[in-house]
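Under the working numbering, the first residue of the sequence shown carries the number 951, and numbering increases by one thereafter.
Ideal Cβ placement from N, Cα and C applies to all residues, glycine included.
Everything on this sheet refers to the single structure shown next.
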Amino acid sequence: MSIFFDSSGFVGHLSTQWLGQDFRYYEQIESTNRFVKELKADSVEHGTVVLADNQTQGRGQYQREWETVPGQNLTFSMVFKPQEIMGIHALTLACALCIVEMVDHLEFNAPVSIKWPNDVMFDGKKMAGLLTENVFIGNKLERLILGIGININQGKFSSNLRNPATSLRLESGKRYSRERLLNELLRRIEFKYHLWSRRQPILYRQINRKIKGYGHWVKLKVDGKLQEDRYKLLGINENGELLLLNKEGGIESFSYEQIRIVTN
Ligand code: BTN
């Protein structure tokens, strides 16, 4: 298997209507998110996908680094131009759900879940991360950039990562076609985007079922501080806010960034 992403083979087989139909491949780039963010408004469209085999300055949440071995994984950014900004966090979660479903479809015997707010976990180890950024022109959202990193064929991770990481290959011993997986993932995302843009309740139910801790009494870190009380995790609302039941029976909602869930 070549270490380079087969861009023309991928485009030739792409089975989406609009997502990734404008596909741009780079062997090496600083960060696909940053690259897409810096493109001029008229040179990027709803559905543009930029993928790099190697990111020299891949970024994660909180300006952390996103490191991967070149040519082994999927590191790409998608552009969306939604009508409104409301609920964009739910879109990030919808994309996380698509990754979970894609991995579930490979029939592993292990739990795959969304760790609030932006990680995909395989049996407690991080398999993928998402980074969503906005570009505004004045006070109007011009584009939304949703960057995804998924560990596919990487065989080893450094031991000083904050969270233990894993890849599909480490879990199954097999190598996977990144082109095939990306095609499948974009198909799923395109479909969920459709549900998201129509605020279809089924989408929120599907997301909730995959959020780690859903329906359980969990501990929280709010703005970095561990809370003493436990809360029951009720899932997300249409805006992508997390709803929690406190022990007095009141429902509290928290924004995407504000909160971390501690499930053990
Ligand atoms: C995280 O887990 O903190 C989010 C990681 C997001 C990584 C992806 S890889 C493609 C895109 N380009 C970046 O620089 N980051 C995102």
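Separation of residue j from residue i, as counted between CA atoms
i, j, result
"residue 997", "residue 970", "6 Å"
"residue 1134", "residue 1176", "38 Å"
"residue 978", "residue 993", "20 Å"
"residue 1157", "residue 1064", "8 Å"
"residue 1038", "residue 1166", "25 Å"
"residue 1144", "residue 1152", "12 Å"
"residue 1132", "residue 1014", "24 Å"
"residue 1055", "residue 1088", "42 Å"
"residue 966", "residue 1024", "18 Å"
"residue 1199", "residue 1137", "40 Å"
"residue 1060", "residue 1122", "11 Å"
"residue 1109", "residue 1074", "15 Å"
"residue 1185", "residue 1174", "20 Å"
"residue 1120", "residue 988", "35 Å"
"residue 1170", "residue 1205", "13 Å"
"residue 1220", "residue 1128", "Because the chain spans 951 through 1214 in this model, residue 1220 falls outside it and cannot be assessed."
"residue 1053", "residue 954", "22 Å"
"residue 905", "residue 1191", "With the chain covering 951 to 1214 only, the question about residue 905 has no answer from this structure."
"residue 1194", "residue 1181", "6 Å"
"residue 962", "residue 1058", "29 Å"
"residue 1124", "residue 1090", "45 Å"
Residue i, DSSP secondary structure in three states
i, result
"residue 983", "helix"
"residue 1082", "strand"
"residue 1099", "strand"
"residue 1058", "coil"
"residue 960", "helix"
"residue 1180", "strand"
"residue 974", "strand"
"residue 1155", "helix"
"residue 1168", "strand"
"residue 1028", "strand"
"residue 1053", "helix"
"residue 1210", "strand"
"residue 1107", "coil"
"residue 1141", "helix"
"residue 965", "coil"
"residue 909", "In the structure as shown, the chain begins at 951 and stops at 1214. Residue 909 is therefore absent and cannot be evaluated."
"residue 989", "coil"
"residue 1122", "helix"
"residue 1191", "coil"
"residue 1160", "helix"
Cβ neighbour criterion (16 or more within 10 Å) applied to residue i
i, result
"residue 1114", "exposed"
"residue 973", "buried"
"residue 960", "buried"
"residue 1201", "exposed"
"residue 1212", "exposed"
"residue 1142", "buried"
"residue 1160", "buried"
"residue 1040", "buried"
"residue 1111", "exposed"
Beta-carbon contacts of residue i that lie in its chain and below 7 Å, excluding the five residues immediately before and after
i, result
"residue 980", "1005, 1006, 1007"
"residue 1079", "1010, 1016, 1068, 1069, 1099"
"residue 1036", "1189"
"residue 1130", "none"
"residue 1163", "1183, 1211, 1213"
"residue 1107", "1115"
"residue 956", "1129"
Own chain, CB closer than 6 Å to residue i, minus 5 neighbours either side, in chain order
i, result
"residue 1077", "1070, 1101, 1116"
"residue 1027", "982, 983, 986, 1000, 1095, 1097"
"residue 1031", "996, 1093"
"residue 1179", "1197"
"residue 1104", "1019, 1022, 1023, 1117"
"residue 976", "1002"
"residue 1062", "1050, 1053, 1054, 1072"
Cβ neighbours of residue i in the same chain (closer than 8 Å, five flanking residues each side left out)
i, result
"residue 1012", "none"
"residue 1033", "1147"
"residue 1139", "969, 1028, 1044, 1045, 1048"
"residue 1086", "1092"
Closer than 8 Å: residue i CB and nearest ligand 2 heavy atom
i, result
"residue 1093", "With respect to ligand 2, the structure shown offers nothing to examine, as its ligands consist of ligand 1."
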